[in-house]
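With the sequence shown counted from 1, adding 15 to any position gets you our numbering. We put the beta carbon where it would ideally sit given N, CA and C, even for glycine.
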Amino acid sequence: MVTVDFHLHVGKYEMYPRWVHEFQRKMNPTIYLDYEKYVSPEGILRLLDEAGIEYGVVLAEYNPMVTGIVPNEYIAEFCGKSERLIAFASVNPWLMADPARKFEEALSKLKMRGLKIYPSYQHVYPNDERLYPVYRKAEEFGVPVMFHTGSSIFQGSKIKYSNPIYLDDIAVDFPDLKIVMAHGGRGLWYKEAFFLARTHRNVYLEVSGLPPKNLLKYFPELEKIPDKVIFGSDFPGATIKECVEGIGSLPLPESLKRKILGENAAKILEL
Ligand SMILES: [Zn+2]
16 MVTVDFHLHV GKYEMYPRWV HEFQRKMNPT IYLDYEKYVS PEGILRLLDE
66 AGIEYGVVLA EYNPMVTGIV PNEYIAEFCG KSERLIAFAS VNPWLMADPA
116 RKFEEALSKL KMRGLKIYPS YQHVYPNDER LYPVYRKAEE FGVPVMFHTG
166 SSIFQGSKIK YSNPIYLDDI AVDFPDLKIV MAHGGRGLWY KEAFFLARTH
216 RNVYLEVSGL PPKNLLKYFP ELEKIPDKVI FGSDFPGATI KECVEGIGSL
266 PLPESLKRKI LGENAAKILE L
C-alpha cells in the first residue's frame, strides 16, 4: 500500500512571521519544544514513519504579505535528503517578471515535481493571465499544480481569491493539467470544490486542513469521487499521525481509504 501526505510546510523558523507560529503552536505544540529538530528532513521522515506514511509533498511559498517566503531552492535542498520527500515549487506574479521561467528552472535545475499557488495570500486570481504560461509549463512537464482554496485565518489574506470556482477556467483551458484543490474549498465552498472534482477529470479534492472526522459532513457524497480524493495533513498546522488516524476511523470502505491515503496521489505524482 502506497501512502502519501500531500501537504507539508517545513520553512525555517525565521522564514515565518509571528502569527504563523502562534497558530501552529496551538495546533501542534510538540514541535515547538524543538522546532529545528522536528522541522528538518530527518525530523519529518520520523513523523511520517510514526504516522505510517511513506512519501511527503513539501511546499515552497512566496507569500511575503501573509505567511512569508520559503524559497524553491530551500525546499529542493530539503527534499534532496530523501527520495521520500517530493518538492513542490511556488511562484508569485507580483515578485517575478517571468514566473513561468522561474518555474521551469525549479523543474529542470532543482528537480522539483509540482507547483503550489496561494491565491488568497498573493491577491491573485487563479485564472490570472500572468499565470497561464506557468500552467502551460506544468502541463508540458506533466506535473500537478496545487491551489490553496477556501478560508485562511492569517492576517493579510483575502479569501475571495481562493474560491475554487476560478479553477474551472483552468480545468477547461488546460485539459491535461492535474489540478489539486487544497483544503477542498474550506469553510465557504465545499459544494463548488466537490462539483469541480466530480465534473472535471483533471481536478482533485485534497482534504488537508479539515478535521478528518468532519469530512463526510462537508462532503456527504465523497464515495462518488473515489479516484479524486487526496490526503494531506497541512503540517505543522496539524499532527500528521492524528490526521491519518482520523481518515482511518471514517465509516468508508477500506479500498477507498487506501485511495485517499496514497493511491490517488501516487497516480498523479507518477510514483
Ligand atoms: Zn498549505
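Any non-hydrogen atom of ligand 1 closer than 7 Å to residue i Cβ
i: residue 36; result: no
i: residue 104; result: no
i: residue 267; result: no
i: residue 249; result: yes
i: residue 74; result: yes
i: residue 208; result: no
i: residue 215; result: no
i: residue 197; result: yes
i: residue 138; result: no
Opposing strand residues paired with residue i [DSSP bridges]
i: residue 130; result: 104 and 160
i: residue 83; result: 78
i: residue 220; result: 196 and 244
Residue burial classification, residue i (beta-carbon count within 10 angstroms, cutoff 16)
i: residue 20; result: buried
i: residue 134; result: buried
i: residue 219; result: buried
i: residue 216; result: exposed
i: residue 48; result: exposed
i: residue 65; result: exposed
i: residue 170; result: exposed
i: residue 223; result: buried
i: residue 264; result: exposed
i: residue 16; result: exposed
i: residue 177; result: buried
Contact test: residue i Cβ vs ligand 3 heavy atom, cutoff 7 Å
i: residue 225; result: Summarising the ligand content, the structure contains ligand 1 and does not contain ligand 3.
With a threshold of 8 Å, are at least 3 pairs of Cβ atoms found where one atom belongs to the region 54 to 68 and the other to the region 103 to 123?
no
Quick check: the region 83 to 100 against the region 16 to 32, are there 3 or more CB pairs under 8 Å?
yes
Is there contact here, the region 93 to 109 with the region 39 to 48, by at least three beta-carbon pairs under 8 Å?
no
Stretch-stretch touch, CB-based, cutoff 8 Å, three pairs: the region 247 to 256 with the region 176 to 193:
no
The region 69 to 88 touching the region 122 to 137, judged by at least three CB pairs closer than 8 Å
yes
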